[in-house]
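Trainee:
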Amino acid sequence: MILMPTCRQHFWISVISPLIFIVSIYLFTEGRYDYYRKINKRIPAKNDQRGTLYDNGHVIDKSRDVDCSRLFAGDPEAINEARNVKATSSNPDYVDLAANCVSYVSGRGYLTSLVSSEEADYPIAYSIQVYRDLIQIETLLVAIYRPQNYYCINVDVTADVHLHLGMTSIATCFSNVFIVNVDVEWAQYSQIEADMVLYLV
1 MILMPTCRQH FWISVISPLI FIVSIYLFTE GRYDYYRKIN KRIPAKNDQR GTLYDNGHVI
61 DKSRDVDCSR LFAGDPEAIN EARNVKATSS NPDYVDLAAN CVSYVSGRGY LTSLVSSEEA
121 DYPIAYSIQV YRDLIQIETL LVAIYRPQNY YCINVDVTAD VHLHLGMTSI ATCFSNVFIV
181 NVDVEWAQYS QIEADMVLYL V
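Quick note: the sequence shown uses the UniProt record's numbering, first residue 1, plus one each step.
(1) Tell me the DSSP secondary structure of F72 in three-state form.
(2) Mind checking whether V155 and I179 have CB atoms under 8 Å apart?
(3) Can you tell me which of the three DSSP states T52 falls into?
(4) For the alpha helix (DSSP H) containing V161, name the first residue and the last one.
(5) Kindly list the residues whose CB is nearer than 6 Å to the CB of A125, restricted to its own chain and excluding five residues on each side of it in sequence; keep chain order.
(6) Just to confirm my understanding: we take C101, look at its own chain, exclude 5 residues before and 5 after, and list those with CB closer than 6 Å. What are they?
(7) Does DSSP put S127 in a helix, in a strand, or in coil?
(8) Excluding the 5 residues preceding and the 5 following A171 in the sequence, name in chain order all residues of the same chain whose CB lies nearer than 7 Å to its CB.
(9) Taking a contact to mean a Cβ-Cβ separation below 8 Å, would you say Q148 touches L111 in this structure?
(10) I need the straight-line Cα distance from A99 to P92, nearest angstrom please.
(11) If you measure from the beta carbon of Q191 to each beta carbon in chain C, is any gap under 8 Å?
(12) Looking at C-alpha atoms only, which residue of V197, D133, I79 is the closest neighbour of L163?
Pasting the structure below:
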């Protein structure tokens, strides 16, 4: 004979179990949120690290900071301000910029100090495949760069010569950024081959 749950048992199973699950998820995520919030307080303020932008190799005035909390709140004034904040140079010469690594790294805003011991204990290896948009690639690298991590970037053989020169120049300023050149045919074996080469470096 199969025992069926009573109405009261069914109520407890169907209502209380999801409630316990939701509370557990909340407690887990809230703890992680507090952890990351504490770490982010240790990150140097944007004003301290991103001092200047470059215009054809020359230092120019720093752009205004964007108030992200006002942006996320949908403040129309903050949105308009953010739309007007732009880098003055659309195509900087990275070969010239990276010729002086110290000023390039500090001026572009790379984080060069460890944020936490947890990050130092668990470095990340990035595998990035690129074939165009040097400015976007460098912006990504600035955003994700940490001194304990490793960055292996495949610049496609068919990419523009300026991309090859720019990425090679940027990589010379870092001991943990590596450049490889594999000819990638997208959605073919060569794409996987490029990833394997990146992991072997």
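Backbone N, C-alpha and C define an ideal beta-carbon position, used for all residues, glycine too.
Mentor: Reading from the atomic positions:
(1) Position 72 of the sequence shown, counted from the start, is the residue given in the question as residue 72. The answer is helix: DSSP assigns F72 an H, G or I state.
(2) The residue you call residue 155 lines up with position 155 of the sequence shown. The residue you call residue 179 lines up with position 179 of the sequence shown. Their beta carbons are under 8 Å apart, which means V155 touches I179 by this criterion.
(3) Here the question's residue 52 lines up with position 52 in the sequence shown. The predicted model places T52 with a pLDDT of 46, which falls under 50 and marks its position as unreliable; any figure quoted below should be read in that light. Coil at T52, not helix or strand.
(4) By one-based count along the sequence shown, residue 161 stands at place 161. Looking at the DSSP string, the run of the alpha helix (DSSP H) that includes V161 is 161-171.
(5) Position 125 of the sequence shown, counting from 1, holds the residue named residue 125. Same-chain partners within the cutoff: Y150.
(6) Locating residue 101 in the sequence shown gives position 101, counting from the first residue. Once the five neighbours on either side are set aside, the close Cβ partners of C101 are C173.
(7) On the sequence shown, residue 127 is found 127 positions in, with the first residue counted as 1. It is a strand residue.
(8) Here residue 171 is taken as the residue at index 171 of the sequence shown, counted from 1. Within the same chain, A171 has close Cβ partners V177, F178, I179.
(9) Residue numbering aside, residue 148 sits at position 148 when the sequence shown is read from its first letter. Residue numbering aside, residue 111 sits at position 111 when the sequence shown is read from its first letter. Cβ atoms of Q148 and L111: not closer than 8 Å.
(10) The residue labelled residue 99 in the question sits at position 99 within the sequence shown. The residue labelled residue 92 in the question sits at position 92 within the sequence shown. Distance between the alpha carbons of A99 and P92: 13 Å.
(11) Looking at the structure shown, chain C is missing, and only one protein chain is on hand.
(12) As a first step, residue 163 is located in the sequence shown; it is residue number 163 there, counting from the start. With respect to the C-alpha of L163, the residue from V197, D133, I79 having the closest C-alpha is D133.
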